[in-house]
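Just so you know, we're using UniProt numbering here: the sequence shown kicks off at 1 and counts up by one.
Taking it in order: structure first as structure tokens, then the write-up.
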Amino acid sequence: MAERKGNRNGHDLVPLAALISREMKSEKMEKPSVRYGCAAQSKKGEDYFLMKTACQRVPGNPSSTFSVFAIFDGHNGNAAAIYTRENLLSHVLSAVPRGLGRDEWLQALPRALVAGFVKTDKEFQSRGETSGTTATFVIVDGWTVTVASVGDSRCILDAQGGAVSTLTVDHRLEENVEERERVTASGGEVGRLSIVGGAEIGPLRCWPGGLCLSRSIGDMDVGEFIVPVPYVKQVKLSNAGGRLIIASDGIWDALSSENAAKSCRGLPAELAARQVVKEALRTRGLKDDTTCIVVDIIPPDDSSTPSPPPKKQSKLRALLFRKRSRDSATKLSKKLSAVSIVEELFEEGSAMLAERLGNESTSCLFVCAICQVDLAPSEGISVHAGSIFSMSSKPWQGPFLCADCRNKKDAMEGKRPSGVKVV
Ligand SMILES: [Zn+2]
Numbered sequence: 001m002a003e004r005k006g007n008r009n010g011h012d013l014v015p016l017a018a019l020i021s022r023e024m025k026s027e028k029m030e031k032p033s034v035r036y037g038c039a040a041q042s043k044k045g046e047d048y049f050l051m052k053t054a055c056q057r058v059p060g061n062p063s064s065t066f067s068v069f070a071i072f073d074g075h076n077g078n079a080a081a082i083y084t085r086e087n088l089l090s091h092v093l094s095a096v097p098r099g100l101g102r103d104e105w106l107q108a109l110p111r112a113l114v115a116g117f118v119k120t121d122k123e124f125q126s127r128g129e130t131s132g133t134t135a136t137f138v139i140v141d142g143w144t145v146t147v148a149s150v151g152d153s154r155c156i157l158d159a160q161g162g163a164v165s166t167l168t169v170d171h172r173l174e175e176n177v178e179e180r181e182r183v184t185a186s187g188g189e190v191g192r193l194s195i196v197g198g199a200e201i202g203p204l205r206c207w208p209g210g211l212c213l214s215r216s217i218g219d220m221d222v223g224e225f226i227v228p229v230p231y232v233k234q235v236k237l238s239n240a241g242g243r244l245i246i247a248s249d250g251i252w253d254a255l256s257s258e259n260a261a262k263s264c265r266g267l268p269a270e271l272a273a274r275q276v277v278k279e280a281l282r283t284r285g286l287k288d289d290t291t292c293i294v295v296d297i298i299p300p301d302d303s304s305t306p307s308p309p310p311k312k313q314s315k316l317r318a319l320l321f322r323k324r325s326r327d328s329a330t331k332l333s334k335k336l337s338a339v340s341i342v343e344e345l346f347e348e349g350s351a352m353l354a355e356r357l358g359n360e361s362t363s364c365l366f367v368c369a370i371c372q373v374d375l376a377p378s379e380g381i382s383v384h385a386g387s388i389f390s391m392s393s394k395p396w397q398g399p400f401l402c403a404d405c406r407n408k409k410d411a412m413e414g415k416r417p418s419g420v421k422v423v
């Protein structure tokens, strides 16, 4: 924000002023309304979802309301999906420092999401059950959408104006080269299933365990490099609003993001969710659990359903996201009237906890940054201890972890001598 104010009298005066006034307008505007719907077709009974609209940042204060929408696609049983649905939200919220204002709260979310995902994974594994789950977890607070995900349940954004973008990455070994490299570097093996005779079939999997995903919650019986550290993205919609489509792979194996968005434009959320599921089944049949949540973020003065299908705007797609730091305002200004701008506030997908939990001096000395247990004064181990990849890491600096969480961190990074847990 400071840099934009600083530029106000510079050469870029016109376009920047346009952006600023736009933003101030939206700041002053009331919160958008949120409408949502869900549809599902079950095959194995391992898809679970969560839709919660009356959460409050400040208990008892209705103006601090936010909403949570999530999909958990379980595998090898449904216990991890059920456990995650019941516990992930509270684990995330308990990792946000107390007493923050709205903006600080939103800024604290990405780290809290990482802590909450890891804590949920650790607690579920301690129960000794072997199932696992994807988790795509979406927090909508006003115009700001924060998405955290592990696995391949995707969340897409259909911004007003018809530009479709993905707010998650698929943690699938088959498609994600970066994750393949990480898993291999941590001691895992990536390969296909071999059948008798030596032929290889199916998608790339990670061994031991044979999972096609590189990140998940649960899965104690696969290699520990299958981590629960989520990819997190936070965006702020323009005051034109937009539509989120969150769905399990039953949808995405049948429909591209573009086609899913297109198939339901103009329909209210509830019908839209049903339409997306119907379209997926029409294309591919019921091969897998298929769940879809549609969330419409609607400007307060907009009385109707989302606008009808827009004209082709593929040329503008590249302009959809505007990074805070790199303001290409000059180019953007010409298109401002034509397409709604989505501001990218945060994006990080690293699997390394030291990078994700940061080294802010504000972190508490006496509480584990992941599981939030109290630490005795000499007990905490810095998340940066023994780390060599970052020049800025300081082993005496927080955040701090309890011994248990530190062990988990080492295991996830392939540093535990035993390497892989054998069950
Ligand atoms: Zn801990």
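Positions of the beta carbon are idealized from the N, C-alpha and C atoms, including for glycine.
Treat the numbers as computed from the prediction; the structure is a model and nothing was measured.
Residue i - partner residues in DSSP beta bridges
i: MET51; result: PHE69
i: TYR231; result: SER149
i: GLY242; result: ALA159, ILE297
i: THR144; result: ASP141, LYS236
i: CYS206; result: VAL190, LEU211
i: SER165; result: LEU157
i: CYS292; result: ALA39, ALA247
i: GLY132; result: HIS75, GLY218
i: LEU401; result: ILE381
i: ASP374; result: VAL367
i: PHE346; result: GLN234
i: ARG172; result: LEU213
i: GLN56; result: THR65
When the options are compared against residue i, the one with the closest alpha-carbon
i: GLN372; options: ARG274, ARG243, ALA112, TYR48; result: ALA112
i: ASP288; options: ALA273, ALA247, ILE298; result: ALA247
i: VAL295; options: ASP47, ALA261, LEU281, GLY285; result: ALA261
i: SER350; options: LEU109, ASN87, VAL114; result: VAL114
i: LEU401; options: GLU279, ARG265, LEU375; result: LEU375
i: THR65; options: SER378, ASP404, ILE139, GLU379; result: ILE139
i: SER153; options: SER382, LEU267, PHE69; result: PHE69
i: THR166; options: ARG243, GLU104, VAL177; result: ARG243
i: THR184; options: PHE117, TRP207, VAL169, ARG406; result: TRP207
i: GLN107; options: SER90, VAL145, LEU88; result: VAL145
i: LEU88; options: GLY162, GLY161, PRO228, GLU175; result: PRO228
i: ASN76; options: ALA403, GLY162, THR136, LEU213; result: LEU213
i: TYR231; options: ARG182, CYS368, SER256, ALA148; result: ALA148
i: ALA95; options: PRO110, ASP141, ALA240; result: PRO110
i: residue 465; options: ASN61, ASN78, ILE195, ALA240; result: Because the chain in this structure spans residues 1 to 423, residue 465 falls outside the shown range and cannot be described.
i: ILE370; options: VAL177, PRO97, GLY142, ASN61; result: PRO97
i: HIS91; options: VAL118, TRP105, ASP253; result: VAL118
i: ASP103; options: PRO62, TRP143, GLU258, ALA280; result: TRP143
i: ARG284; options: GLU270, LEU357, ALA273, ASP253; result: ASP253
i: ALA269; options: LYS31, TRP105, TYR36; result: TYR36
Per-residue burial, residue i [other beta carbons within 10 Å of its own, 16 or more giving buried]
i: SER337; result: Note on SER337: pLDDT 35, under 50, position unreliable in the model; no value is reported.
i: SER238; result: buried
i: GLN275; result: buried
i: ARG215; result: buried
i: LYS233; result: buried
i: LYS52; result: exposed
i: VAL422; result: At VAL422 the pLDDT is 42, less than 50, meaning the model places this residue with poor confidence; the figure from the coordinates comes in the next sentence. Its Cβ having fewer than 16 others within 10 Å, VAL422 is exposed.
i: GLN56; result: exposed
i: PRO399; result: buried
i: ARG127; result: exposed
i: ASN78; result: buried
i: ASP121; result: buried
i: VAL177; result: exposed
i: ILE388; result: Annotation note: pLDDT 49 at ILE388 (below 50); position unreliable, coordinate value reported separately. By the neighbour-count rule (16 or more Cβ atoms within 10 Å), ILE388 is not buried but exposed.
i: SER263; result: buried
i: VAL196; result: exposed
i: ARG282; result: exposed
Close Cβ partners of residue i (< 8 Å) along its chain, the five nearest in sequence each way excluded
i: LEU193; result: GLU200, ILE201, GLY202, ARG205, GLY210
i: ALA40; result: ASP47, PHE49, VAL277, ASP289, THR290, THR291, CYS292
i: ARG416; result: GLU224, ASN407, ASP410
Own chain partners of residue i with C-beta closer than 6 Å, once the 5 adjacent residues on each side are dropped
i: ARG180; result: LEU173, VAL190
i: ILE245; result: ILE156, ALA260, VAL294
i: LYS409; result: LEU353
i: ASP73; result: ASP47, THR134, SER153, SER248
i: SER325; result: With a pLDDT of only 41 at SER325, under the threshold of 50, the placement of this residue in the model should not be trusted; the figure read from the coordinates follows. Taken in chain order, the list of residues that qualify is empty.
i: ASN67; result: Just to set this straight, residue 67 is Ser in the shown sequence, not Asn. Excluding positions up to five away in sequence, the list reads VAL34, THR53, VAL140.
Own chain partners of residue i with C-beta closer than 7 Å, once the 5 adjacent residues on each side are dropped
i: SER186; result: PHE225, GLU413, GLY414
i: residue 425; result: The first residue shown for the chain is 1 and the last is 423, placing residue 425 beyond what the model contains.
i: GLN125; result: GLY218, MET220
i: SER33; result: ILE298, PRO300
i: LEU100; result: ALA108
i: ALA54; result: THR65
i: GLU23; result: At GLU23, the pLDDT of 49 sits below 50, so the modelled position is not reliable; the number obtained from the coordinates is stated separately. Cβ neighbours of GLU23 beyond the five flanking positions: none.
i: ASP170; result: ASP152, ARG154, ASN176
i: GLU258; result: VAL164
i: LYS44; result: ASP289
i: GLY116; result: LEU88, HIS91, VAL92, ALA95
Using a Cβ distance threshold of 8 Å, determine whether the segment 64-84 contacts the segment 127-134, with at least three qualifying pairs required.
yes
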